[in-house]
Amino acid sequence: MKKTKMINSELSYVISQMGHTNSLTIGDCGLPIPNETKRIDLALTHNVPTFIQTLDVVLEELRVEEAIIASEIKEKNPQVYEAIKKRIANLIEVSHEEFKVLTKDSKAVVRTGEYSPYANIILKSGVVF
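With my numbering, you'll find the sequence shown wraps up at 181, consecutive numbering, no jumps.
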């Protein structure tokens, strides 16, 4: 058995395959996922699992160099925005439209049950020391 909290084998596999600057997107249940991008669907029902719960487990497995968020989150979802800022120091803000385009470059998009707006993030993999 694994020592870390992550038990989702599909998500664990994608993270294990990531190299420096590869990206992984974690999104709310409404984020459109490009057809050509791998989908890892964790959503069961509204807010199960939450975006923050998913982010916390991923951050235990993945070294993150920087992250991208939609600038709209600051106004439309300040609670999630503040929670993200507590966890990740290097945040880049783009428009939500640009964010959706950038998801195409992700190794995968993880769909959570989060039911609040703009609860999405693109994590850029860092170097393991």
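We put the beta carbon where it would ideally sit given N, CA and C, even for glycine.
Among Val-179, Asn-87, Ile-173, the one whose alpha carbon lies nearest that of Val-146: Ile-173
Endpoints, alpha helix (DSSP H) assigned at Thr-106: 103-113
Lys-137 - containing alpha helix (DSSP H), residue span: Unbroken alpha helix (DSSP H) run through Lys-137: 130-139.
Counted within 10 angstroms of its Cβ, other Cβ atoms place Val-179 as buried (16 or more) or exposed: So Val-179 ends up on the exposed side.
Start and end residues, beta strand (DSSP E) containing Leu-19: The structure shown does not extend to residue 19, since the chain spans only 53 to 181, so no value can be given for it.
Contact between the segment 90-97 and the segment 134-145 (3+ Cβ pairs under 8 angstroms): With contact defined as three or more Cβ pairs closer than 8 angstroms, the segment 90-97 and the segment 134-145 are not in contact.
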